Amino acid sequence: NGGTTVVKGDYLYYINGYVDETKLEDEDDNEFGEVSFGAIFRTKLVNGNIEKDRDGFVVSTECVVPKVVGFSNGGFYIIDDYIYYTTPNMHYSTDDGAIQTSRVEFHKIKIDGTEDEKIYSPEKSESNLDWTIYKVDGTVYIVTFVDSKIVIINTTDDEIVTDTKLLQL
340 NGGTTVVKGD YLYYINGYVD ETKLEDEDDN EFGEVSFGAI FRTKLVNGNI
390 EKDRDGFVVS TECVVPKVVG FSNGGFYIID DYIYYTTPNM HYSTDDGAIQ
440 TSRVEFHKIK IDGTEDEKIY SPEKSESNLD WTIYKVDGTV YIVTFVDSKI
490 VIINTTDDEI VTDTKLLQL
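This is the structure in structure tokens:
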């Protein structure tokens, strides 16, 4: 239920292109609601199939995550009624004033495209970010490897799970 395409119910969710995050120049390049290329779209499946027009283009598609998700560390998962995704960090560095697109932000949003929420952003960048999602006892956790450490984030309260709490899981 994760990657660049996911089927959930009667819908196929997909990232509609790749964006080179190093080319993003300012915060407006990844502002929620302003992005279409590299965003997450969905199309309703008809009898389990993608409906296309005579030119091979997907019919009746809509954007549900209007932020850049199609990038080098991009991807998404769908658990229950939420999409969990990564997007480039668009904040400026206090050191040199450069935009920090080599870092990511983890977000969640309802599958209908409402209630987008930033969950976590690592302090360090990773050139090849590795992350996954687990649901344990009704709680969804993001598990990632950043700065040579495993980081586990409870997506309900955005809390980083400590070693003590990890033993309780």
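This note's numbering applies: residue 340 is where the sequence shown begins, and numbers increase by one.
We put the CB at the ideal spot given by N, CA and C, even for glycine.
Since we're looking at a predicted model, the values are computed, not measured.
Check the C-beta distance from residue i over to residue j and give it rounded, since I have them as a contact under 8 Å.
| i | j | result |
| --- | --- | --- |
| E444 | K457 | 5 Å |
| G409 | Y357 | 5 Å |
| T382 | V397 | 5 Å |
| V500 | Y480 | 7 Å |
| P461 | E360 | At roughly 15 Å, the Cβ-Cβ gap does not stay under 8 Å, so P461 and E360 are not in contact. |
| F380 | N340 | That pair is no contact at about 17 Å. |
| W470 | T483 | 4 Å |
| I450 | I492 | Wrong, their Cβ atoms sit about 20 Å apart, outside the cutoff. |
Out of the options, state which residue places its alpha-carbon closest to the alpha-carbon of residue i.
| i | options | result |
| --- | --- | --- |
| S466 | V374, K362, S411, G452 | S411 |
| Y431 | V407, V485, Y423, T440 | T440 |
| R442 | Y459, D451, G452 | Y459 |
| C402 | L384, T426, T453 | T453 |
| D420 | V500, Y352, E498 | Y352 |
| I417 | K347, D496, T494, E498 | K347 |
| D476 | I438, K488, D455, T495 | T495 |
| D497 | H446, S399, V485 | H446 |
| N386 | F376, T433, Y350 | Y350 |
| V407 | D365, I491, S487, N493 | D365 |
| L468 | D451, D455, D486 | D486 |
| I438 | T343, G342, D392, N369 | N369 |
| L384 | D394, T400, F371, E373 | T400 |
| A378 | K488, I448, E390, N388 | I448 |
| F371 | D392, T343, D455 | D455 |
| I574 | I489, D435, T344, K488 | What is shown of the chain runs 340 to 508, which leaves residue 574 out entirely. |
| G342 | D434, D435, T425 | T425 |
What residues are listed by DSSP as bridge partners for residue i?
| i | result |
| --- | --- |
| G341 | Y416 |
| F484 | D469, I489 |
| I499 | I492 |
Which two residues bound the contiguous beta strand (DSSP E) that contains residue i?
| i | result |
| --- | --- |
| V444 | Note that residue 444 is Glu in the sequence shown, not Val. From DSSP, the beta strand (DSSP E) with E444 extends over 443–449. |
| I438 | Here I438 belongs to no beta strand (DSSP E), and DSSP marks it neither H nor E. |
| E360 | From DSSP, E360 is part of no beta strand (DSSP E); its letter is neither H nor E. |
| E366 | Where E366 is concerned, there is no enclosing beta strand (DSSP E), given that its DSSP letter is neither H nor E. |
| T453 | Looking at the DSSP string, T453 is not in any beta strand (DSSP E), and its letter there is neither H nor E. |
| T426 | 421–427 |
### Task
Mind listing, in chain order, the continuous beta strand (DSSP E) runs of no fewer than 3 residues lying wholly within the segment 370–407?
379–383, 400–404
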